[in-house]
Amino acid sequence: MPTQPSLGNMLWRGLLRRCPNCGDRRAFFVKWFVRRERCAGCGIRWERNYEGFMLGAMAISFITTGGSLIITMGVGVVVTYPDVALMPVLGSTIAATLLVGVGGYPISYTLWQAIDLYLRPLNEDDGEVTARSVRA
């Protein structure tokens, strides 16, 4: 059975939208929002046969998007205080939220895959250890 990468290594790969297990740059994504069911490098499944996988990824997306909203708004208020410029603060907040929310959407899924692999390492029951490489 192959050794599992470290948590830091898997999280870094997830941030780069790579497969957290093997590091393949093509991983699960064909395009920015279009994904395949298995990693192109190591063949592990996207959801690994359990329900609720997408909830974790959605939670990460929600947390990062909400965090960017709060940080952008806070910085805008602090920088323009005492005469807070409402429209520029609102505009930058909306722009940051859209950028992080839409642009970071696929990254939240590979990050969650990294956390899931760390919490539930691959084993024989998954049928993933012997999965052959899928090139598409």
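Per the numbering used here, the sequence shown starts with residue 1, numbered consecutively. Cβ coordinates follow ideal geometry from the N, Cα and C atoms, glycine included.
For residue j and residue i, believed in contact at Cβ under 8 Å, the rounded distance
i	j	result
L117	I60	Actually they are not in contact, since the Cβ atoms of L117 and I60 sit about 14 Å apart, beyond 8 Å.
T64	G76	Between G76 and T64 the Cβ distance is about 18 Å, and since that is not below 8 Å, they are no contact.
R17	I107	6 Å
L69	A96	7 Å
Run of the alpha helix (DSSP H) containing residue i, from where it starts to where it stops
i	result
Y109	Y105 to L119
N9	L7 to L15
T65	F53 to T80
Cα-Cα separation between residue i and residue j, rounded to whole angstroms
i	j	result
V78	V100	21 Å
F53	P121	15 Å
G91	T72	10 Å
Y109	G14	8 Å
V34	R26	12 Å
C-beta neighbour in chain B for residue i, strict 7 Å
i	result
V75	Of the protein chains in the structure, only one exists, and it is not chain B.
Examine the Cβ distances between the region 22-29 and the region 40-58 and report whether three or more of them are shorter than 8 Å. With contact defined as three or more Cβ pairs closer than 8 Å, the region 22-29 and the region 40-58 are in contact.
Examine the Cβ distances between the region 7-14 and the region 69-83 and report whether three or more of them are shorter than 8 Å. Here the region 7-14 makes no contact with the region 69-83; the two share fewer than three CB pairs at distances below 8 Å.
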